[in-house]
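**Student:**
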Amino acid sequence: MVPAIMALLLLVTTMVVASMALVKEREEGTMEQLLVTPLRPAELIAGKLLPFVIIGFVEIFFALGAVFAVFQLAPRGSLLTLLVMSGLFIMTTLGLGLFVSTLVKTQQQAMLVSAFFIMMPFVMLSGFAFPVENMPRVIQRATDLIPLKYYITIVRAIYLKGAGWPELWPHAAMLLGWGAA
């Protein structure tokens, strides 16, 4: 459960906070001010999301330290592999946060959409609480669309089995696909 909780915390921090921060910019009217600057849209989005990438990696290091300090559990696999895979997951969750921020008009709506329409299904269907293998076949196929499932599998495999790139590349490819989308 401990590695999976680390994945869940990363999801909450990056997706929910990013979506709320972007919506706040629009609520306060500062987004319109930024749009009239000579920045290109890609530069604007990168500038808005980069702080959350940094926060995500800081959170990973705090979580790694807390897991080791409290549970004396260190990853059996490569820390570099864990960080690269975490970067893919952060890209995915920030993309979801950006998507949510385009759908809503207020921070309250961003929180509700993130929590109830994205996080709840992700948590229930990712294998965090219930093994995916024990779910009905139709639901098991639906879980293939959930990026949290792949990241939890990655984190558990690195922590508990010492897995590396040969075992994890299919999961990384799915996270990359989600992040690109």
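In my numbering, the protein residues as written are 160 to 340. All C-beta atoms in this analysis are idealised placements derived from N, C-alpha and C, irrespective of residue type, glycine included. Since we're looking at a predicted model, the values are computed, not measured.
Which runs of the alpha helix (DSSP H) spanning at least 4 residues fall entirely within the region 244–316, listed in chain order?
**Tutor:** 266–271, 279–284, 296–301, 306–315
**Student:** Start and end of the alpha helix (DSSP H) containing L198?
**Tutor:** In the sequence shown, residue 198 corresponds to position 39, counting from 1. From DSSP, L198 is part of no alpha helix (DSSP H); its letter is neither H nor E.
**Student:** According to the Cβ coordinates, are M244 and I313 closer than 8 Å?
**Tutor:** Residue mapping note: residue 244 aligns to position 85 of the sequence shown, counting from 1. Residue mapping note: residue 313 aligns to position 154 of the sequence shown, counting from 1. The answer is yes: Cβ separation under 8 Å.
**Student:** Going by CA-CA distance only, name the one from P329, L167, T172, K320 that's closest to L253.
**Tutor:** Looking up residue 253 in the sequence shown gives position 94. Out of P329, L167, T172, K320, the CA that lies nearest to the CA of L253 is found in T172.
**Student:** For the structure I just gave you, are there three or more beta carbon pairs, one from the region 174–190 and one from the region 254–272, closer than 8 Å?
**Tutor:** yes
**Student:** Given this structure, state the Cα-to-Cα distance separating P280 from V259, to the nearest angstrom.
**Tutor:** Here the question's residue 280 lines up with position 121 in the sequence shown. Here the question's residue 259 lines up with position 100 in the sequence shown. Computed Cα separation, rounded: 15 Å.
**Student:** Where do the ends of the alpha helix (DSSP H) carrying Q192 lie?
**Tutor:** As a position in the sequence shown, residue 192 is number 33, starting the count at 1. Q192 -> alpha helix (DSSP H) spans 189–194.
**Student:** Classify W328 as buried or exposed, calling it buried when 16 or more other Cβ atoms lie within 10 Å of its own Cβ.
**Tutor:** Position 169 of the sequence shown, counted from the start, is the residue given in the question as residue 328. W328 is exposed by the Cβ-count criterion.
**Student:** Reducing DSSP to helix, strand and coil, say where L319 ends up.
**Tutor:** Within the sequence shown, numbered from 1, the residue matching residue 319 stands at position 160. Correct three-state label for L319: helix.
**Student:** What do you get for W324, buried or exposed, if any count of 16 or more other CB atoms within 10 angstroms of its CB means buried?
**Tutor:** Mapped onto the sequence shown, residue 324 falls at position 165. So W324 ends up on the exposed side.
**Student:** Pick helix, strand or coil for A339, following the three-state DSSP scheme.
**Tutor:** For this step, residue 339 is matched to residue 180 along the sequence shown. For A339, the three-state secondary structure derived from DSSP is helix.
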